[in-house]
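K.L.:
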DNA sequence: GAGTGAAGGTGTCATGCATACACTTATCCA
DNA sequence: TGGATAAGTGTATGCATGACACCTTCACTC
């Protein structure tokens, strides 16, 4: 057991995960419908208590797995803020270390876990009412995501291995929640030298698009 | 008491403060010499346990006050990362919410508090050996400080109400740990429109310098 | 096989911002 | 009055950004 000064706070330590993906062109956030009090029947970010002997990021990955059956690679996870206000949880002093997660393409299907009734994706910019202070957490997560977009190659993490430039632009637009100029976007991204044409093209409706993949040297993930 | 799932971790909740000032042209970090085990006789960041019913930022301000007799305004404090690795504290699972603090001009004198033997300023880029994982915390704090410099008017918080442009440049150089071009610096800062000449000048050795103050509308502090 | 619909792809100009770079001016003091 | 010291000043260049409109390629259908 811990030997601490008598007036020191013993707190419950939790993690929450704001996990994002892009689906049908809109930024979506992963939410679970709580099955237990407090806030039963309310949507919330995946999360829960850190177990004894468990690192913070491990707890975040485990909760994501248990509550939504999503297996995330550690490099797509980043701690971004700790919420510890006194009244934030009716059960007592619970501090939550909030994490940002980026879900690469293909991780969309989710299932509910033991303690949750459902898990599903919601438009991140217009979420339903959320439990605890999770609306605040989600808002901050989106801001952080937008910041990261600027100086990381974050958008690539949302896409499969090969992708077209319009698809990449859609990712940026979904995260920033505004539209971008096609020509300027292409100019900027191609100038960064992080994309290499794969030579292939993708056909659909309209003119086929050139496929790209990330260049050799491009670091990926949130860290 | 907390009613939590049985396997949930009860942890000690602490705060640490990486507090910076500029003195003699170098960025300095505030350290305390620990009087108690663990790590007695070792320098460490000011910090300690959060008390029952105390908010995180209040705890940070209190520890700073108790250990170094420095009274800091809340807006000069910003939470920046939470350190919770399992082995970081030999007493058990202790999670520390680290804060960044900017000490405005004139706050330099410090005294030791009850649980500390000394408190003093050390060059932030070359600190002495530190207790716990505080070297890691300090390093991350400096990086955050440098990031903030870019898009906040953070440097003004290190200076008194009126100051000269060379003084402001010194603050930037101390934080970035490199020298800057005088003409470009002046151009950039004056173009931002955040400075207004006070009309006065300051004499010393060499040509007297124009004194400036922050413009009316300039938001200050870390938030 | 010609026409239409749908999406991909392309170039230029203006503006602002960062960078590199060297000499003059004001004051103090011996 | 001359020397030491620090403040102050301007220009040219390259680069990134933002605004803006038309052409190309393919699939499908008639």
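Residue numbers (our numbering), protein chains in the order written: chain L, 222 to 444; chain E, 222 to 444. Every residue gets a Cβ at the ideal spot worked out from N, C-alpha and C, and that includes glycine.
Just reading off the alpha helix (DSSP H) that residue 418/L is part of, what are its end residues?
P.N.:
That residue, residue 418/L, is in no alpha helix (DSSP H); its beta strand (DSSP E) goes 416-423.
K.L.:
Which of helix, strand or coil does DSSP assign to residue 302/L?
P.N.:
In the structure shown, residue 302/L sits in a strand (DSSP, three-state: E or B).
K.L.:
Under 8 Å between C-beta atoms, does residue 308/E make it to chain L?
P.N.:
So, not an interface residue.
K.L.:
Here's a check: name, in chain order, each residue in its chain whose Cβ is nearer than 7 Å to the Cβ of residue 343/L, leaving out the five neighbours to either side.
P.N.:
249, 250, 252 and 349
K.L.:
Applying the criterion that 16 or more other CB atoms from any shown protein chain within 10 Å of the CB defines a buried residue, is residue 284/E buried or exposed?
P.N.:
buried
K.L.:
Could you check which residue in 241/E, 263/E, 290/E and 316/E has the C-alpha nearest to that of residue 364/E?
P.N.:
241/E
K.L.:
Tell me the rounded alpha-carbon separation between residue 257/E and residue 353/E.
P.N.:
13 Å
K.L.:
Hey, quick one: how far does the alpha helix (DSSP H) through residue 442/L stretch, first residue to last?
P.N.:
Note, residue 442/L: premise wrong, no alpha helix (DSSP H); not H, not E.
K.L.:
Compile a chain-ordered list of the residues in the region 290-307 of chain L whose CB is closer than 8 Å to at least one CB of chain E.
P.N.:
300, 302, 303, 305, 306 and 307
K.L.:
When DSSP builds the beta bridges, which residues end up paired with residue 384/L?
P.N.:
Paired residue(s): 433/L.
K.L.:
In the region 256-287 of chain E, which residues sit with their C-beta less than 7 Å from some C-beta in chain L, listed in chain order?
P.N.:
270, 271, 272, 273, 274, 276 and 277
K.L.:
Taking DSSP as the reference, what is the three-state secondary structure of residue 266/E?
P.N.:
Residue 266/E falls in the coil class under three-state DSSP.
K.L.:
For residue 317/E, which residues does DSSP report across the bridge?
P.N.:
235/E and 304/E
K.L.:
For chain E, find out if any of its Cβ atoms is closer than 8 Å to the Cβ of residue 316/L; answer yes or no.
P.N.:
yes
K.L.:
Do you know whose CA, among 413/L, 261/L and 414/L, lies nearest residue 336/L's CA?
P.N.:
261/L
K.L.:
Roughly how many angstroms separate the alpha carbons of residue 244/E and residue 369/E, rounded to a whole number?
P.N.:
19 Å
K.L.:
Please classify residue 411/E as buried or exposed, where buried requires at least 16 other C-beta atoms within 10 Å of its C-beta.
P.N.:
exposed
K.L.:
Can you find at least 3 beta carbon pairs, one from the region 290-307 of chain L and one from the region 271-282 of chain E, that sit closer than 8 Å?
P.N.:
Taking 8 Å as the limit for Cβ pairs, the verdict is that the region 271-282 of chain E does touch the region 290-307 of chain L.
K.L.:
Is residue 334/L buried or exposed, if buried means 16 or more other CB atoms sit within 10 Å of its CB?
P.N.:
With 16 or more other Cβ atoms within 10 Å, it is buried.
K.L.:
Does the Cβ-Cβ distance between residue 234/E and residue 232/L come in under 8 Å?
P.N.:
yes
K.L.:
Please name the residue, chosen from 415/E, 407/E and 230/E, that lies closest to residue 313/E on a Cα-to-Cα basis.
P.N.:
230/E
K.L.:
Thinking C-beta only, is residue 432/L closer than 8 Å to residue 419/L?
P.N.:
yes
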